[in-house]
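Student:
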Amino acid sequence: MLTVLVLIPLLTMLALFISRDQRFVRTVVVAGFGALLVASVVVAVKFLVARALSTDAMLLAQDFVWYAPLNIHYAVGVDGISVLMILLSAVVALTGVFSAWSMERDFFVWYCLLAVGVFGYFISLDLFTMFLFYEVALIPMFLLIGVWGTGKKEYAAMKLTLMLMGGSALLLTGILGIYFTSGATSMNITHLVGTIPMAHQYWIFPLVFVGFGVLGALFPFHTWSPDGHAAAPTSVSMLHAGVLMKLGGYGCFRVAISLMPAAAHELSWIFLILTGISVVYGAYGAVVQTDLKYINAYSSVSHCGLVLFAILMLNTTAMTGAVMQMLSHGLMTALFFSLIGVFYSRTHTRDIRQMGGLMRVMPFASVCYVIAGFASLGLPGLSGFVAEMTIFVGSWEHTDLLRRILTIVATTSIVVTAVYILRTVGKILYGPVLDPGHLELSDARWYERVSAVVLIACIVLIGVWPSGVGHIISESLKNLNIF
Amino acid sequence: MIGTLIVFYILAAVIVVSSVLAVTSRRMLRAATFLLLVLISTAGLYLLLNYHFLAVVQLSVYAGGILILFIFAILLTSSRGDRTEAHDRQRMVWGIVTVVAGIGITTWVTLKHKFLYSDNPTIAGDQQIPVSRIGHALMGTDKYEYLLSFEALSILLLACMLGGILIARKR
Amino acid sequence: MEWLRFNDTLHIDLGILLDPLSVMMLTVVGVVALMVVVFSIGYMKGERGFGRYFGLLGLFVFSMLGLVVATNIFQMYIFWELVGASSYLLIGFYYTRPAAVKASQKAFIVTRFADLGFLIGILILSSYTGTFDFAALTADNAAIAVGPQANWAMALIFMGAAGKSAMFPLHIWLPDAMEGPTPVSALIHAATMVVAGVYLIARMFPVFQFAAPDVLVLITYVGAFTALFAAVIAITQTDIKRVLAFSTISQIAYMMVALGVADVAASTFHLFTHAFFKALLFLGAGAVIHAVHSNEMSRMGGLRKFMPITHITFLIACLSISGIPPFSGFFSKDEILVAAFHHNPVVFGVLLLVAGLTAFYMFRLYFRIFWGAHHYDRPPHEAPPIMTIPLIVLAVLTCVTGFVVPVHIDWAIASAGVVAAVIGIVVAWRFYAKPSDAPARLAARWAGFGQAASHRFYIDEAWLWVTRRIIFGGISRPVAWFDRHIVDGAMNAIGSGTVRVSETIEPVQGGKVQSYAILFVLSVLLITLLVFVLC
Amino acid sequence: MDFSGFLMMPSELGLLAIFVFLLAFDILAAETRAMRWFRPVAIALMTVQMVWGFFPAPEGTAFGEMYVSSPLTSMMKSILNIGTLVVMLQAGEWLRRPENSIREGEFYVITLATLLGMYIMVSAGNFMMLYLGIEIASLPVACLAAYNKYKEHSAEAGAKYILMTALSSGIMMFGLSYLYGAMGTMYFSDMNAAVAAEPMTVLGFVFFFSGLGFKISLVPFHSWAPDVYQGAPTATTAYLSVVSKAAAVFALVLVLHHVFGALAVLWHWMLWGLSVLTIVVGNLFAIRQRDIKRFFAYSSISQAGYILLGVLHGSSAGLTATLYFVFVYLFSNLAAFGVIAAVENQSGRTDIASYKGLYKSNPRLALVMMLAVFSLAGIPPLGGFFSKFFIFAAAAQGGDYLFVLIALINTVVSLYYYLRIIRAMFIDAPGADAVSSFRTDPYNSVSLVLCTTGILVVGVVSWFYNFIAQATF
Amino acid sequence: MIPMSHYLIVSSIMFFVGVYGFIARKNLLAVLISIELILNSVEINFSVFNRYLYPDHLEGMFFSLFGIAISAAETAVAIAIIINIYRVAGNIDVRHIDKLKH
């Protein structure tokens, strides 16, 4: 059942190979990713139905032996967290298609491959397939940025790919360590819980955490992010910041924390400090940037740092917040990038010093941008607030001084976030129109609007009705029983 | 017995001196001649070891075959520059280092090793090996018999011949 | 209704809490908002973004009502933030004006900074009481012990309140916020949002009282200082809306002092009366600005002839704020003075001084707008009925609200207040009702002080220095530099280092067979040796 | 005398028959129109041989343990068959060029002879057979390297190869003589019983090992490889880098396990150091190459390091992983060389710069190259990912996480230079003298399809791994 | 009575002299001559071991025998290639065959 989520983008990709003209390509892609969204929703509904009947950690699970000698299975299954991630990915992927409306066929081929990796990753239960899909998701990035990007695209693509692959090198070592030191006869995550000897956890945990952390923009391994996002084309930035960076956080949780909770307890302080730095550092870094995408990239460092920060707090509340933050950041950053794409495609600049008064010229896009900004700075009613508050409340549950201080440090980021968001909004949207040429520009086209509206709808949904997702997440965490 | 000893040392001396000369002599034909001396002396060693058949093969294949090839090749490719070949000092130093190290290690190893029948050449069959035994061994299919190797060798020779022709023929 | 559950004990509910306090606030918000909306129909006519304006106004009122009826501190925080955001949007309504944009950003960021304290305060409080709920927090048997934690929590919560209510030194956003449309200022920055801080502390008052009395002392002094400080600045301002803004700060500080001296009733009463007369003042000012198209006092004068309704209502409001009986301000101010008197004579003295100053600057304003010489190219005309009706309604309310609450008036103190006010009015009349050189002479004598006051004691500059130098120059730029050059540089260095090594070893593969042979043979020998040695 | 031993070796006999038949064909049909049929016939026969190789061969020993046959050796031979077949498919276009057509037949014949040598290497039960096999597999290859004999590069490659081969075979033989001296036998089984960690044995082993290391192109015995790979005709390079290397790996695996098992502690650490060195040095050199053949030489050097990683722990999983790795490596590397051959035949160029914009002009070739390169870099879901994973798993099973980490970090470095190729093909704008759009030779296309299928399928379908696994031990 | 080690020392001297020649000589044919020395020394080793230590079977002797044949084949191929070099490059200086290095 879950495999459908992988098959749909795969088939879309194959269909693209035979399609020739642009119209057909668009039809195929929209149909494919639309079907993917529908399938994701179906999966979510099925999951909820199944959840009512069962308290197993993973539902809708299926298991096929793949490489018997090494106990590698093709094992899939979902819990609430992965279901939400799947929904997020489907939404962002579909909106990404709309934002990439004018792209050629080859672009979508790699785009589909990316989707294959992402969905495969989220449904995987087996460490091997998980890692496999993880890398499948990373590699198309090189071409997507390298071929269709802008600016220092080759450099950015190379750096991104190499740094992420460097992370996955650590990761693979960790995965092998998990498998062989546990003495288990399975690579299935659910079977590996509690089997890893403590002595080994000490070295495996950092490897796995940093390995995933690179993708989650863990300080100081985040530097691929500004360059990569700045160089990537709109929809790739959307998918990358919106979904791919979540792979890191999800992996940290799913593998590092849930398999090695003891080591996580012992070592979390190191990574808490690092992620705490990420949170504030990313925010401060964003304040002085002048390129819209750099601002957003640093802001992603900050927000994704908060995700890892929350995960490391090792309690249900913070973890719930972390997942919410993943959703929230995924949607909001996708929205940001999509709008930046709108601006960039019209003004051909991303330098905030050269823009101004766009609110007058492109009211729709600008209002959406303001909404995205509010979501980013944590305005109640939008998703960011819920996530951040849950995280802060969760991390405050710890009473030791270090975590308290770090929490306070992390909370200051919301002020700094306000500073850079408002600065950006003020510079590009408000004020007089700087470039007379900009007066001529048109507002967002219908496909761009679709993308923005869908994302905003999701942001508002989570913001207004957080207990929906919150419940799903905390239920799943309870069933996992790791805290 | 002392006679064999003397013969051995003479041969050994010839081998050592000629090999050194063969690789240091500036003129190719001289080098080839010293090689011939080495090869012949080696045949002498085989005789001392009572491997008469081997000595004959050594003489006929090496001295009779290979060396002729060498001499043809030298004549074919000789040119003026060849005669005054200057040695590359750096190479020589490296070469000498290698040689000293290599001889040192191998000698140390051979002297250190406790051989099963150490220094006892007279055990079992210190006599000439009958050619028929060699022939049977060469054509036999059992253990310590070498029909398969012989066949393989023939393929090697055939393939090398083909290759040689491929490279050497004019077109 | 449970909105979001954090853990077994903490959860955010969305609910409605109706008690006298919230009903009072609801009344204020409802009435003022209605008046402002009506007034705006006239005021905003023909403006670009008419629809947007009312949309945002609606958002604000929604948020404000949500804040008022909040049943728990987190719900309040939610709407608190929403209020801030809508305030941001409304201040920045004229988004093409750079000043408006700047002001809106400043307002949002300063209050956000304060809210950070509020949030941390909530976190501390909730983690140690295990609840967000006001009812549980303020219940008589609430198990809240005095302690550093409580002090911290409540002090931080007060920081949030101070931000929203523009207490020193977080007041800087409020004068700038006057860049927004005037009715907005009336609604948000005079009557409702800015008193949210007072409301919050009133709401949490039992907690302050039992768990953190030290914080109440802090509140008292901050309030007293702010009151005086703002009043002094108000004297020197020439922009009528800024005068009103500082007056608002000063009046809210009054309320804070009342809270600090543990008289919640007085505080909320003043809140109640202040809302109406301050809204009235702002709307009146709006009508004036609408008529003369300027905020500057120097462009006004003698308007009493052209705008009689505005004039009368404005006068009523001025009298009320000055504390002249029988207008509402008198009653509420008196309450506060009484409370302060019983609590701390110094504070009382300050408040009395402030009362005088208030009367002085309000009438300075009044005289300079409605009296004195006038020179207009085109004669200004009275505002249309849609604008004057709200003025009238508010003026009536200003007159009557003083009697809503039966108060016992301590005439001794009341007369002191009234005398102070009258002195202020008389001085203002002497100085400004007729052309006079007295202000100039006074200004000359107090040049340095006046200068400083008119520059609002350089607090803005100080904040600017903090943000520009510390945040941008001291943290962000170094962080960005560090990121690009050290962190990223390290990553790049790994890459280029590898390439460098690759370049360095390239000659090893120089195409010479004999070098290869040396390498080969020596390696074999070396490996052999190593194996001998190591194994 | 008992010649029934020959019945034990059907694949050798089959290959020998093909060899003889083609030799006769070549001699008899020289310079006639019948030569047109030479290529199809050769390829058809080789295909038959390949298929034939998959049928179970008799197991056991023959000729007094000179010859050993087991499912494992059959598997190895089949892998070599596939590689040779692909090389033959790819060579055709180049051999048909006017300057080569006169010696077209020799290429196939000599290739088959060397393949026979590799069979012997794999099936040897005695060091003499092994040595003969190695010589058969390498001496004629020197002629293939010098095949374009009028080109200086090719001649130079041939000379370098023959000289270095001769040196290494001399050193190997010296090692063998010491092994013989220490243990008094050349038979694997007897030696296995006699082996002990004495200096003489150790010296003999290291010297012998260097000979195989030379063929596998392990650092520091690798230095011939870049030069020869670059200078030799592309088909020869492909053959050297895949089939010849694979045969040497197989021989090494068998010798290490069947003969020197008792010295495992010793060679474990030796191989450990050498494979780290190989991976690192191969990568460092590969970074800056401009010629694509030379580039692939270094890339295949570093791949050799990964191969050793599987051999290192002597576990059965490691052996399976090694074989599997070689199997995947064969497809990946040959796919790359197929593309190189196609481009070279079209443009005569082998510098990486000539690949700029290849995707625009020849998208299919570029895609194949991309798959090949990604597979070599170990990117899922291609075969290379699986093979690397299994190798690492085998190492991790042995507890050698440090090495796994080093090797994995090196894969990142390798990814850097592999991505350079991708970048040239997909991102860079084609230069003025870019390769134009062309049709690939049908035989070569078949080979590319075969390799691409291999890259895509071998990993995802676990049958291959299981097939290899059941043959090993 | 000749100690076996003397044979071995002679052969190893011959071997490394050959290695020296391979490394130091310029002329390709001289290099080839050095290779002959190397191979020849190995064959001595085999015969000596066979005779002194393991005279029951003829393994060493046969290895020498085959070794001689192999070295013949090797020489043949090498000379063919060297002559080809001479044809293409006009000389057989080993230092001139260094075009392949980038």
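Chains as they are written, first to last, in my numbering: chain X, 729 to 1211; chain Z, -18 to 152; chain R, 2 to 536; chain D, 26 to 498; chain E, 124 to 225. We put the beta carbon where it would ideally sit given N, CA and C, even for glycine.
Figure out for me which residue from Val305(D), Ala272(D), Ala180(D), Pro406(D) has the closest Cα to the Cα of His219(E).
Tutor: Within the fifth sequence, residue 219(E) is the residue found at index 96, counting from 1. For the residues Val305(D), Ala272(D), Ala180(D), Pro406(D), the minimum Cα distance to His219(E) belongs to Ala180(D).
Student: Closest to Thr1214(X) by C-alpha separation, out of Glu994(X), Ser852(X), Val1035(X), Leu1167(X), would be which residue?
Tutor: Residue 1214(X) lies beyond the stretch modelled for chain X, which goes from 729 to 1211, so this question has no answer here.
Student: Tell me whether the segment 975 to 986 of chain X and the segment 1013 to 1023 of chain X touch, counting them as touching only if at least three CB pairs, one residue from each stretch, are closer than 8 Å.
Tutor: Output reads no: the segment 1013 to 1023 of chain X does not touch the segment 975 to 986 of chain X.
Student: DSSP three-state label for Asp1163(X), please.
Tutor: Here the question's residue 1163(X) lines up with position 435 in the first sequence. Coil.
Student: Start and end of the beta strand (DSSP E) containing Leu788(X)?
Tutor: Here residue 788(X) corresponds to residue number 60 of the first sequence, with the count starting at 1. Per DSSP, Leu788(X) belongs to the beta strand (DSSP E) from 787 to 795.
Student: Taking only the alpha-carbon atoms, compute the straight-line gap between Ile241(R) and Val1161(X) and give it to the nearest angstrom.
Tutor: Within the third sequence, residue 241(R) is the residue found at index 240, counting from 1. Within the first sequence, residue 1161(X) is the residue found at index 433, counting from 1. Each residue's alpha carbon lies about 30 Å from the other.
Student: Give a yes or no on whether the C-beta atoms belonging to Met160(R) and Val199(R) are separated by under 8 Å.
Tutor: For the purposes of this step, residue 160(R) is taken as the residue at position 159 of the third sequence. For the purposes of this step, residue 199(R) is taken as the residue at position 198 of the third sequence. Their beta carbons are not under 8 Å apart, which means Met160(R) does not touch Val199(R) by this criterion.
Student: Using 8 Å as the limit for Cβ to Cβ distance, is Leu228(D) near chain Z?
Tutor: Your numbering for residue 228(D) matches position 203 in the fourth sequence. Chain Z contact via Cβ: present.
Student: Using a Cβ-Cβ distance cut-off of 8 Å, determine whether Asp252(D) contacts chain Z.
Tutor: As a first step, residue 252(D) must be located in the fourth sequence, where it is residue number 227. It does not: the Cβ of Asp252(D) has no partner Cβ on chain Z nearer than 8 Å.
Student: Check distances from the C-beta atoms of the segment 113 to 132 of chain Z to those of chain D and list, in chain order, the residues that come in under 8 Å.
Tutor: Listed by position along the chain: Met120, Gly121, Thr122, Asp123, Lys124, Tyr125, Glu126, Tyr127, Leu128, Leu129, Ser130.
Student: With distances taken Cα to Cα, identify the nearest neighbour of Ala24(Z) among Ile125(E), Ser187(E), Lys222(E), Ala195(E).
Tutor: Within the second sequence, numbered from 1, the residue matching residue 24(Z) stands at position 43. That would be Ser187(E), whose Cα lies nearest to the Cα of Ala24(Z).
Student: Here's the rule: buried if 16 or more other CB atoms are within 10 angstroms of the residue's CB, otherwise exposed. What is Leu151(E)?
Tutor: Along the fifth sequence, one-based indexing puts residue 151(E) at 28. Classification of Leu151(E): buried, given that the 10 Å Cβ count is 16 or more.
Student: Relative to the alpha-carbon of Tyr172(D), which residue among Trp297(D), Val284(D), Thr261(D), Leu237(D) has its alpha-carbon at the smallest distance?
Tutor: The count along the fourth sequence starts at 1 and reaches residue 172(D) at position 147. Nearest of Trp297(D), Val284(D), Thr261(D), Leu237(D) to Tyr172(D), Cα basis: Thr261(D).
Student: Mind checking whether Ala789(X) and Leu853(X) have CB atoms under 8 Å apart?
Tutor: The residue labelled residue 789(X) in the question sits at position 61 within the first sequence. The residue labelled residue 853(X) in the question sits at position 125 within the first sequence. Yes, Cβ-Cβ distance for Ala789(X) and Leu853(X) is below 8 Å.
Student: Straight-line CA distance for Gly106(Z) to Leu(-8)(Z)?
Tutor: Position 125 of the second sequence holds residue 106(Z). Position 11 of the second sequence holds residue -8(Z). Low local confidence applies: a pLDDT of 49 at Gly106(Z) is under 50, so the model's placement there is unreliable, and no value is given.
Student: Note down the Cα distance separating Ile480(D) from Ser470(D), rounded to an integer number of angstroms.
Tutor: Taking the fourth sequence and counting its residues from 1, the one referred to as residue 480(D) is at position 455. Taking the fourth sequence and counting its residues from 1, the one referred to as residue 470(D) is at position 445. Cα to Cα, the separation comes out at about 15 Å.
Student: Given this structure, state the Cα-to-Cα distance separating Ser295(R) from Ala288(R), to the nearest angstrom.
Tutor: As a working mapping, residue 295(R) is identified with position 294 in the third sequence. As a working mapping, residue 288(R) is identified with position 287 in the third sequence. Going from the Cα of Ser295(R) to the Cα of Ala288(R) covers about 11 Å.
Student: With a threshold of 8 Å, are at least 3 pairs of Cβ atoms found where one atom belongs to the segment 890 to 902 of chain X and the other to the segment 944 to 964 of chain X?
Tutor: Counting Cβ pairs under 8 Å, three or more are found: they touch.
Student: Can you give me, in chain order, the residues of the segment 79 to 96 of chain Z that have a beta carbon less than 9 Å from any beta carbon in chain D?
Tutor: Answer in chain order: Ile86, Thr87, Trp89, Val90, Thr91, Lys93, His94, Lys95, Phe96.
Student: Find the residues of chain X that neighbour Ser487(D), judging by a C-beta separation of less than 7 Å, and give them in chain order.
Tutor: Position 462 of the fourth sequence, counting from 1, holds the residue named residue 487(D). The answer, in chain order, is Trp794, Tyr795.
Student: With a 10 Å radius around its C-beta and 16 neighbouring C-beta atoms as the bar for buried, classify Leu32(D) as buried or exposed.
Tutor: In the fourth sequence, residue 32(D) corresponds to position 7, counting from 1. With fewer than 16 Cβ atoms within 10 Å of its Cβ, Leu32(D) is classed as exposed.
Student: DSSP three-state label for Ala105(Z), please.
Tutor: Numbered from its first residue, the second sequence carries residue 105(Z) at position 124. Here Ala105(Z) scores only 46 on pLDDT, less than 50, and its place in the model should not be relied on; the value that follows carries that caveat. Coil, per DSSP.
Student: My output table needs one value for Ser1204(X): the three-state DSSP class, helix, strand or coil.
Tutor: Counting from one through the first sequence, the residue named residue 1204(X) turns up at place 476. Three-state result, Ser1204(X): helix.
Student: Using the Cβ count rule (16 or more neighbours within 10 Å means buried), how would you classify Asp807(X)?
Tutor: In the first sequence, the residue the question calls residue 807(X) occupies position 79. Buried, because 16 or more other Cβ atoms sit within 10 Å of the Cβ of Asp807(X).
Student: Using only the alpha-carbon positions, how far apart do Leu383(D) and Ala391(D) sit?
Tutor: What you label residue 383(D) is simply residue 358 of the fourth sequence in a count that begins at 1. What you label residue 391(D) is simply residue 366 of the fourth sequence in a count that begins at 1. Distance between the alpha carbons of Leu383(D) and Ala391(D) is about 6 Å.
Student: For Phe80(R), which residues in the same chain have their Cβ closer than 7 Å to its Cβ, ignoring the five residues on either side in sequence?
Tutor: Here residue 80(R) is taken as the residue at index 79 of the third sequence, counted from 1. Closer than 7 Å at the Cβ level, and outside the excluded window around Phe80(R), lie Ser64, Gly67, Leu68, Ala71.
Student: Run through the segment 957 to 1039 of chain X for me and flag every whole beta strand (DSSP E) of 3 or more residues, listed as ranges in chain order.
Tutor: Runs found: none.
Student: What separation, rounded to the nearest whole angstrom, lies between the Cα atoms of Gly1214(X) and Ala1138(X)?
Tutor: In the structure as shown, chain X begins at 729 and stops at 1211. Residue 1214(X) is therefore absent and cannot be evaluated.
Student: Residue range of the beta strand (DSSP E) that Trp372(R) falls in?
Tutor: Residue numbering aside, residue 372(R) sits at position 371 when the third sequence is read from its first letter. It is not in any beta strand (DSSP E) - Trp372(R) carries neither H nor E in the DSSP assignment.
Student: Identify, in the order they occur along the chain, each residue of the same chain with its Cβ nearer than 7 Å to the Cβ of Ala329(D), setting aside the five sequence neighbours on each side.
Tutor: On the fourth sequence, residue 329(D) is found 304 positions in, with the first residue counted as 1. Closer than 7 Å at the Cβ level, and outside the excluded window around Ala329(D), lie Ile241, Ser242, Leu243, Lys270, Thr303.
Student: Less than 8 Å between C-beta atoms, sequence neighbours within five positions excluded: which residues of the same chain meet that for Gly877(X)?
Tutor: Here residue 877(X) refers to the residue found at position 149 when the first sequence is read from its first residue. Around Gly877(X): Ala884, Ala885, Ala959, Ala960, Pro961, Val964.
Student: If you drop the 5 nearest sequence neighbours on each side, which residues of the same chain put their C-beta closer than 6 Å to that of Ser(-1)(Z)?
Tutor: Position 18 of the second sequence, counted from the first residue, corresponds to residue -1(Z). Phe15, Leu18, Val19, listed in sequence order.
Student: In whole angstroms, give me the CA-to-CA distance for Val1153(X) and Pro184(R).
Tutor: Position 425 of the first sequence, counted from the first residue, corresponds to residue 1153(X). Position 183 of the third sequence, counted from the first residue, corresponds to residue 184(R). Whole-angstrom Cα-Cα distance: 24 Å.
Student: Among the residues of its own chain, which have a CB less than 7 Å from the CB of Val429(D), if the five just before and after it don't count?
Tutor: In the fourth sequence, the residue the question calls residue 429(D) occupies position 404. Hits under 7 Å: Phe417, Ala420, Ala421.
Student: What residue range is occupied by the uninterrupted alpha helix (DSSP H) comprising His180(E)?
Tutor: The sequence position of residue 180(E) within the fifth sequence is 57, counting from 1. That residue, His180(E), is in no alpha helix (DSSP H); it is neither H nor E in DSSP.
Student: Since Glu383(R) and Thr311(R) are thought to touch, with beta carbons under 8 Å apart, how far apart are those beta carbons, to the nearest angstrom?
Tutor: One-based indexing of the third sequence puts residue 383(R) at position 382. One-based indexing of the third sequence puts residue 311(R) at position 310. Yes, Glu383(R) and Thr311(R) are in contact; Cβ-Cβ is about 7 Å, under 8 Å.
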